[in-house]
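In the working numbering, the protein residues as written are 1231 to 1402.
This is how it looks when you write it as C-alpha cells:
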C-alpha cells in the first residue's frame, strides 16, 4: 500500500445507519453515470444495516459537518484468504484528496483487522480507479458474471459509464 499524506481535517464517523443526506446520492450519480443502482437511506439501510447474516462497517467521511461520501467494508473469506472487502464506496465530488483519505482509513482498518489483502470490485472505467492503482491496488483475474436484460447496443460500450460495486452483488 502506498500511504499518502492527506489533509488532516477529514473526519471518519462510524455509523449504525445511513443519514437522510444519502437521499441525494442519485442526483449526483445521474450526472456521472448512465446506469447506476438506486440508492437512498432506505435502500442503503436495507442492504447494509438490516442484513441478518452479515456485519458491515459503515463510515461517513466528513469535512467539518459536511458529508463528502461514505464507504462500507466487511471482513470476509475469499479463496481461503482473510479479506477486508470494500463493499461500497461513494464520494459526492470526485476529489482525489477525499478518495486518498478513504484509502488511508481503509488501510488503517485492514491493519487492525489483520487481513491478507483489501479487495473491491469496480468498473474499469470508474474515475477513481487511477488513484487505486497509485495506491498499489492491482487488478486480478477474478471475474463476476453480470446479467442484464433488454439493453440495446454493445454491452462493451454501454458498460463504460456504469457505476458498479459489490453493493450490486449478493455474496459480499
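No residue lacks a Cβ here, since even glycine has one placed at the ideal position from N, Cα and C.
If you run the structure through DSSP and keep just helix, strand and coil, what is residue 1252?
-> helix
So is residue 1317 buried or exposed if we call it buried at 16+ other beta carbons inside 10 Å?
-> buried
Tell me where the alpha helix (DSSP H) around residue 1362 begins and ends.
-> That run of the alpha helix (DSSP H) goes 1359 to 1364.
Quick one: any contact between the segment 1361 to 1368 and the segment 1325 to 1341, if contact means 3 or more CB pairs under 8 Å?
-> yes
Report yes or no: is there a C-beta of chain D within less than 7 Å of the C-beta of residue 1280?
-> The structure shown contains no chain D; it holds only a single protein chain.
What does DSSP give as the partner residues of residue 1304 in its beta bridges?
-> 1315
Relative to the ligand PLP, is the shortest distance from any of its heavy atoms to the C-beta of residue 1313 smaller than 6 Å?
-> This structure lacks the ligand PLP, and indeed carries no ligand of any kind.
Is DSSP giving residue 1273 helix, strand or coil here?
-> DSSP places residue 1273 within a helical segment (H, G or I) once states are collapsed to three.
Three-state secondary structure (DSSP) at residue 1337?
-> It is helical.
Closest by C-alpha distance to residue 1340, when choosing among 1315, 1280 and 1258 | 1315
Could you check where the beta strand (DSSP E) with residue 1266 kicks off and where it finishes?
-> For residue 1266, there is no enclosing beta strand (DSSP E), as DSSP gives it neither H nor E.
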